[in-house]
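K.L.:
Before anything else, here's the structure in question.
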Amino acid sequence: MILTTVEIVPAILRRTWEGIQADWGTIHTAAHHIQIDITDGVFAGDGSFRDVRLFKRLPESDKIELHMMVHTPANFVDDIIDLNPARCVFHVEAFAGSGDIEFVYKKLRQETSTQLALALNPASPNAWLEEHVGLLDYVLFMGYAPGWAGQALDPQVYVKMGQFRNTYGNMPIAIDGHVDKQTIPDFVKAGARILCANSSVFKEGSPRENLRQLELVAQAALTS
Numbered sequence: 000m001i002l003t004t005v006e007i008v009p010a011i012l013r014r015t016w017e018g019i020q021a022d023w024g025t026i027h028t029a030a031h032h033i034q035i036d037i038t039d040g041v042f043a044g045d046g047s048f049r050d051v052r053l054f055k056r057l058p059e060s061d062k063i064e065l066h067m068m069v070h071t072p073a074n075f076v077d078d079i080i081d082l083n084p085a086r087c088v089f090h091v092e093a094f095a096g097s098g099d100i101e102f103v104y105k106k107l108r109q110e111t112s113t114q115l116a117l118a119l120n121p122a123s124p125n126a127w128l129e130e131h132v133g134l135l136d137y138v139l140f141m142g143y144a145p146g147w148a149g150q151a152l153d154p155q156v157y158v159k160m161g162q163f164r165n166t167y168g169n170m171p172i173a174i175d176g177h178v179d180k181q182t183i184p185d186f187v188k189a190g191a192r193i194l195c196a197n198s199s200v201f202k203e204g205s206p207r208e209n210l211r212q213l214e215l216v217a218q219a220a221l222t223s
């Protein structure tokens, strides 16, 4: 998985199925992938809609990217296999140990065509990702602690992405957290090629037009 362009991925975080359907309906024809955030109220957030199998009902469901912010990743494996999303991300901090990561990711690799990533919280060392790169298609860095959109950006994430890129230059980097017109150029400069955006797409105005404007900024940053 080698990326030569920058992709803006709209990110949906809703407590209800109706909320997910509404957001999805505004954006699915304009985006290459759409991230659906799953929080369990334990590992992160206060609990989102979590019936992953239902997502097959969404139009163009082959665009789904799951961001699993849950404390029991293994409990979701069968549902993810049933859905077979385009992409799926769990957090390295959610696993009890390396053996659990290997079990979940090898099972998903064997039984789905899903592109797989691990996410890393700002306070966690890059080494927690690096020991698992052989299982992954890409990695995701969090710009702030997971669970709620609109938090302040932790500037350390730029350093962490740059350090990872210097060591694993061919591994695509994603960023989630505070992606907007102001931060996109620095994220791209640090090596991010998949940028997940919630508030800057859905908070106000037209999600489609917001996405288009973010994409223009991202492509300009890539070529500057």
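According to numbering that gives the first Met the number 0, the stretch in the sequence shown is residues 0 to 223, in order.
We put the CB at the ideal spot given by N, CA and C, even for glycine.
#1: From residue 9 to residue 176, what does the alpha carbon distance come to, in whole angstroms?
#2: The beta strand (DSSP E) with residue 173 in it runs from where to where?
#3: Taking one C-beta from the stretch 15-27 and one from the stretch 38-49 each time, how about it: are there three or more such pairs within less than 8 Å?
#4: Hey, how far is the Cα of residue 201 from the Cα of residue 42?
#5: Which of the three DSSP states is assigned to residue 132 in this structure?
#6: How big is the Cα-Cα spacing for residue 87 and residue 60?
#7: Quick one: what's got a C-beta closer than 7 Å to residue 210's C-beta in the same chain, skipping five residues either side?
#8: Residues bridged to residue 118 by DSSP?
#9: Using beta-carbon positions only, say whether residue 164 and residue 142 come within less than 7 Å of one another.
#10: For residue 105, which residues in the same chain have their Cβ closer than 8 Å to its Cβ, ignoring the five residues on either side in sequence?
#11: Are the CB atoms of residue 216 and residue 188 nearer to each other than 7 Å?
#12: DSSP has residue 32 in a bridge; who is on the other side?
#13: Since residue 9 is in the beta strand (DSSP E), which residue starts that stretch and which ends it?
#14: Thinking just about the alpha-carbon of each residue, which of 77, 40, 56 and 54 is nearest to the one in residue 109?
#15: Give me the DSSP bridge partner(s) of residue 68.
P.N.:
Taking the structure as given:
#1: On the sequence shown, residue 9 is found 10 positions in, with the first residue counted as 1. On the sequence shown, residue 176 is found 177 positions in, with the first residue counted as 1. Using only the alpha carbons, I get a separation of about 12 Å.
#2: Here the question's residue 173 lines up with position 174 in the sequence shown. Its beta strand (DSSP E) spans residues 172-175.
#3: yes
#4: Counting from one through the sequence shown, the residue named residue 201 turns up at place 202. Counting from one through the sequence shown, the residue named residue 42 turns up at place 43. Looking at the two C-alpha atoms, the distance is approximately 24 Å.
#5: As a working note, residue 132 is residue 133 in the sequence shown. If DSSP states are grouped into helix, strand and coil, residue 132 belongs with the helices.
#6: Start at 1 with the first residue of the sequence shown, and residue 87 comes out as number 88. Start at 1 with the first residue of the sequence shown, and residue 60 comes out as number 61. Cα to Cα, residue 87 sits roughly 13 Å from residue 60.
#7: On the sequence shown, position 211 is the one that residue 210 refers to. Result list for residue 210: 7, 9, 26, 29, 30 and 200, in chain order.
#8: In the sequence shown, the residue the question calls residue 118 occupies position 119. Bridge partners of residue 118: 90 and 139.
#9: Position 165 of the sequence shown holds residue 164. Position 143 of the sequence shown holds residue 142. At the C-beta level, residue 164 and residue 142 stay beyond 7 Å of one another.
#10: Position 106 of the sequence shown holds residue 105. Closer than 8 Å at the Cβ level, and outside the excluded window around residue 105, lie 134.
#11: For the purposes of this step, residue 216 is identified with residue 217 of the sequence shown, where counting begins at 1. For the purposes of this step, residue 188 is identified with residue 189 of the sequence shown, where counting begins at 1. No, these two residues do not count as a Cβ contact at 7 Å.
#12: Here residue 32 corresponds to residue number 33 of the sequence shown, with the count starting at 1. DSSP output for residue 32 lists no bridge partner at all.
#13: If you number the sequence shown from 1, residue 9 lands on position 10. Segment 6-11, the beta strand (DSSP E) holding residue 9.
#14: In the sequence shown, residue 109 corresponds to position 110, counting from 1. Nearest C-alpha to residue 109: 77.
#15: By one-based count along the sequence shown, residue 68 stands at place 69. Checking the DSSP bridge columns, you'll see residue 68 partnered with 38.
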